[in-house]
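With our numbering, letter number 259 in the sequence shown gets 265, and the count goes up by one each step, no holes.
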Amino acid sequence: MAIVREITDFSAPELDVYARLTENQLVNRADPANGLFIAESPLVIGRALDAGFEPVSFLMESRHVEGKAAEILARCRADIPVYAAELEVLTQLTGFHLTRGMLCAMRRPLLPSAKEVCTGARRIAVLENVVNPTNLGAIFRSAAALGMDAVLLTSAGSDPFYRRALRVSMGTVFQVPWAYLPEDEPWTELLHTLGFQTAAMALREDAMELSDARLAGIDKLALVLGTEGDGLKPETVAHCDYTVRIPMSHGVDSLNVAAASAVAFYQLGTLHR
């Protein structure tokens, strides 16, 4: 049974991870083996535990220790610290209300390579410089739900382990294999080497419609989506095998990248193949 420690000292260093460290400080790029991330809500924390992630400590409302958090704590070692306080105290400490009353600091894993997550995959999503954590989390949730086998990201985009991305994804970041693309070689060439054809989602006159039968017939397809606002780099579009677009009505020319990803994943993911 976990030992609960009531919070009495806001300045205690063990609470820095929840109250004072930034997302970038949690990553700890100077010492990746000790990088952390914050998962919130029993659902997200439970999915992280299902995926084998290691909890370091918990922070929660006192009233949840014997309630919805009990099942999560029962799955963890008894020596993992559990810090608790009333909601009013936690709001002062963290700056806002805790979502679902429970936070967990977890160790960041060593990430696989792009080649590793593509092994055996037939449909993957490639995200070029998607910087908004909310959009990123929504894309991961759609990828999990709509038949994408893996997600690849450029390093300039947002981190899937950012707290908001995890929350919006509902923990599906732990369920869909993902990796960063290499920075020292053209990643479109890497995907071609791995047997994928690439389809860039871009607003161009010569773009194929997403429902084009030629796309559905491709055995290994990578759907490439770009950053909010500017979309894909012109050179990225030029190096992809296809350019695709979603048909629009009422004069609308584009969708938010998260919405566009859901449409594309539904149309071309493995769910309906």
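Ideal placement from N, C-alpha and C gives every residue a C-beta, glycine not left out.
Q: Pick helix, strand or coil for Tyr248, following the three-state DSSP scheme.
A: Here Tyr248 sits in strand by DSSP.
Q: For Leu209, I'd like the list of residues in its chain whose CB is within less than 8 Å of its CB, leaving aside the five on either flank, ordered along the chain.
A: Taking C-beta separations shorter than 8 Å and ignoring five residues to either side along the sequence, the partners of Leu209 in its chain run Gly237, Arg251, Asp259 and Ser260, following chain order.
Q) Can you pull the DSSP bridge partners for Tyr89? A) BP columns for Tyr89 point to Arg11 and Leu65.
Q: Please confirm whether Asn138 and Ala162 have their CB atoms less than 7 Å apart.
A: Not in contact: Asn138 and Ala162 (Cβ atoms no closer than 7 Å).
Q.
According to DSSP, simplified to helix, strand and coil, what is Ala127?
A. It is coil, neither helix nor strand.
Q: Mind checking which residues open and close the alpha helix (DSSP H) that includes Ile78?
A: Unbroken alpha helix (DSSP H) run through Ile78: Ala76 to Ala80.
**Q.** Check whether Val174 and Ala144 have beta carbons under 7 Å apart
**A.** Contact flag set, yes.
Q) Would you call the stretch 75-85 and the stretch 57-67 in contact, with 3 or more CB pairs under 8 Å? A) By the C-beta criterion, the stretch 75-85 is judged to be in contact with the stretch 57-67, since at least 3 inter-stretch pairs fall below 8 Å.
Q) Is Leu229 closer than 7 Å to Ala265 when the C-beta atoms are compared? A) No. Outside cutoff.
**Q.** Closer than 6 Å: Asp225 CB and nearest the ligand GDP heavy atom
**A.** Looking at this structure, you won't find the ligand GDP or any other ligand, since it has none at all.
Q. For Thr160, which residues does DSSP report across the bridge?
A. Answer by DSSP bridge pairing: none, since Thr160 is not bridged.
Q: Would you please state the rounded distance, in angstroms, between the beta carbons of Ala268 and Ser148? I believe it to be under 8 Å.
A: Their Cβ separation, rounded to whole angstroms, is 4 Å, which keeps Ala268 and Ser148 in contact under 8 Å.
Q.
In this structure, how does DSSP classify Ala45 when only helix, strand and coil are distinguished?
A. DSSP places Ala45 in strand when its eight states are reduced to three.
Q.
Rounding to the nearest angstrom, what Cα-Cα distance links Gly126 and Ala244 in this structure?
A. Inter-residue distance for Gly126 and Ala244 is about 27 Å (C-alpha atoms, whole angstroms).
Q. Opposite Met207 in the DSSP bridges: which residues?
A. Paired residue(s): Val250.
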